[in-house]
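Structure, as structure tokens:
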Amino acid sequence: MRLVLVDAYDSFTHNLAQALGIAGASVEVVRCDEVVAPQLLDAELVVLSPGPGTPAEAGCFLDAAGLLTGQVPLLGVCLGHQALAVALGGTLRTPPPVHGHATPIHHDRCGLFAGLPPAVPMTRYHSLGIDQVPACLAVTAVSDDGAIQGVRHRSAPAWGVQFHPESVLSGAAGQALLERFIELGMSWHARATRVA
């Protein structure tokens with residue numbers, strides 16, 4: 058599957074690209090300020106990367122999250138997760154920052170989290186988080202401190218995770234989550250092809 062990883066100038070981008078490649082995707086990395094959202098409609102899968110700042114400061118992130126939802130399977134990681142929520146009507150807050158800690162993530166065991174242990178440790182690096190969740194998104198994961206760690210769109214192939222599955226501290230569970238995203242994206246494309 059051709060996957061476009063939209064990079065918000067993050068130091069983890071190469072790790073994320075490598076992990077997605079190991080998961081089976083053919084990964085193309087583009088910078089968030091060197092592409093416009095409509096160009097991403099040609100991708101089979103899109104990942105919005107982690108990065109510094111806010112979603113509004115991340116080039117095409119907000120436009121991409123709004124336009125691609127329902128058109129192309131989409132995964133937002135950290136900043137990309139926040140962009141998905143904001144683009145669809147959510148708001149952010151400034152919780153106490155968490156940088157480089159693997160903490161238990163409690164999840165719904167469905168979708169991206171199918172097959173993972175119920176309180177799986179994942180690595181967190183963030184100083185923003187989702188506050189108000191738009192009605193079209195469902196919360197799929199939280200941390201012990203109550204921070205929203207995962208969301209999914211209720212009717213479209215779009216997911217977000219606040220944590221970093223590509224981090225070495227997230228281990229095999231992080232890799233499994235990325236593999237699951239690719240599987241879910243492939244399944245969505247197969248269903249869309251049968252319907253067409």
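For the sequence shown, the numbering used here begins at 58 and goes up steadily by one. Glycine included, C-beta positions come from ideal geometry on N, C-alpha and C. Since this is a predicted model, take the numbers as computed values, not measurements.
Minimum C-alpha distance to residue i - residue among the options
i, options, result
"A121", "A142, G172 and T160", "A142"
"R211", "G168, Y182 and P175", "G168"
Pair within 8 Å by beta-carbon distance, residue i and residue j
i, j, result
"L185", "L234", "no"
"P130", "A65", "no"
"V196", "V208", "yes"
"Q189", "T148", "yes"
"A76", "Q219", "no"
"L145", "G123", "yes"
Collapsed DSSP secondary structure at residue i in the structure displayed
i, result
"T151", "coil"
"D165", "coil"
"T160", "strand"
"L145", "coil"
"G231", "helix"
"T111", "coil"
"T126", "coil"
"L173", "coil"
"G116", "coil"
Straight-line gap, residue i to residue j (C-alpha atoms, nearest Å)
i, j, result
"N72", "S224", "7 Å"
"H246", "T151", "36 Å"
"L226", "G217", "19 Å"
"D90", "A140", "15 Å"
"P153", "P109", "16 Å"
"R166", "Q206", "13 Å"
Bridge partners - residue i, DSSP secondary structure assignment
i, result
"L62", "V86 and V104"
"V218", "V134 and G207"
"T180", "A159 and H221"
Proximity test, residue i beta-carbon vs the ligand ATP heavy atom, cut-off 7 Å
i, result
"A74", "What this structure holds is no ligand at all, so the ligand ATP is not there to describe."
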